[in-house]
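Here's the structure, in structure tokens; my notes come after.
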Amino acid sequence: MESEIIVAVLSLAGTFFGTFSGIKLMSYRIEQLEKKVEKHNSVVERMAVMENKMKSAEHRLSTLEYPRTE
Numbered sequence: 049m050e051s052e053i054i055v056a057v058l059s060l061a062g063t064f065f066g067t068f069s070g071i072k073l074m075s076y077r078i079e080q081l082e083k084k085v086e087k088h089n090s091v092v093e094r095m096a097v098m099e100n101k102m103k104s105a106e107h108r109l110s111t112l113e114y115p116r117t118e
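In this note's numbering, each residue carries its 1-based index in the sequence shown increased by 48.
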């Protein structure tokens with residue numbers, strides 16, 4: 049009877065240790081993914097700004113190449 053209690057206590061300790069380690073690893077990986085997503089979002093925002101600047105530059109170039117004649 050005493051050996052079953054020891055095995056049960058060791059199993060419980062192992063389960064807690066495994067669960068705690070898993071949660072810690074999962075938390076770390078989620079944090080790393082959040083950093084990657086933040087970096088990606090900043091690139092997307094910068095690309096949107098660059099697209100607007102390119103449209104403006106293209107418009108300015110087209111008016112220089114083909115001036116209006118009125």
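Positions of the beta carbon are idealized from the N, C-alpha and C atoms, including for glycine.
Please read all numbers here as calculations on a predicted model, not as lab measurements.
What would DSSP say about residue i, mapped onto helix, strand or coil?
| i | result |
| --- | --- |
| Y76 | helix |
| M95 | helix |
| M102 | helix |
Of all Cβ atoms in chain B, is any one closer than 9 angstroms to the Cβ of residue i?
| i | result |
| --- | --- |
| H88 | Absent from the structure is chain B; it holds one protein chain and no more. |
May I ask you to check if the CB of residue i is nearer than 8 angstroms to at least one heavy atom of the ligand FAD?
| i | result |
| --- | --- |
| K103 | This structure does not include the ligand FAD; it has no bound ligands of any sort. |
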